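The structure appears below as structure tokens.
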Amino acid sequence: MKSNCSIYNNRGMVMIEALISLMVISLMMHGIYQIMNSYQRVRFAQSQELSADGHQFLSLLEAELRQYQVEEVKHNTIKMKDGAGYYQVVLENNKIYKKPGHHPYAYQVQSWELNQKGSWIEVMVTYQNQQKFFGIVKYEE
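Given below as structure tokens:
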């Protein structure tokens with residue numbers, strides 16, 4: 697005599713397999729959700745962290761100053777020249793850029809301060825999110 701309620705019944709085995717597979721799928725979905733959530737937090741933190749932008753700005757500024765003769769360094773302006781004319785590096789509209797023309801070096805800048813010490817320029821950049829970045833740039837006199 698065979699019982700219909702046995703755990704080894706084909707219908708019962710299919711039900712247990714279905715429940716186990718649903719549990720595995722739910723664990724996989726939860727893992728994917730956690731990964732995506734973590735990725736979004738990391739991306740947001742990276743977008744708010746502007747130190748890489750500060751390093752890039754100083755590298756660009758130093759490379760530019762090698763191409764020109766620095767005429768004057770004021771509190772927030774660098775005046776320079778080459779054979780073609782005079783140029784300025786200024787902060788306007790939350791961007792540091794070279795004019796005439798529009799060659800931006802840094803965005804989201806609230807303020808910047810310059811202090812000349814011989815052939816070195818100390819640069820302090822304050823971004824709109826209140827992060828501050830300090831660096832020193834060497835140029836040819």
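Read in order, the letters of the sequence shown are residues 697 to 837 in this note's numbering.
Ideal Cβ placement from N, Cα and C applies to all residues, glycine included.
No experiment lies behind these values; they were computed from the predicted model shown.
Worksheet item: Along the chain, where does the beta strand (DSSP E) that runs through S807 open and close?
Response: First-last of the beta strand (DSSP E) with S807: V805 to K813.
Item to complete: Determine, using beta carbons only, whether F753 and A802 come nearer to each other than 8 Å.
Response: Contact: yes.
Worksheet item: If you follow the alpha helix (DSSP H) that E758 is part of, which residue opens it and which one closes it?
Response: Looking at the DSSP string, the run of the alpha helix (DSSP H) that includes E758 is S747 to Q763.
Item to complete: Classify A802 as helix, strand or coil using the three-state DSSP reduction.
Response: Here A802 sits in strand by DSSP.
Item to complete: Starting from the Cα of K834, find the closest Cα among K828, V821 and E758 and give me that residue.
Response: Of the candidates K828, V821 and E758, the one whose C-alpha sits nearest the C-alpha of K834 is E758.
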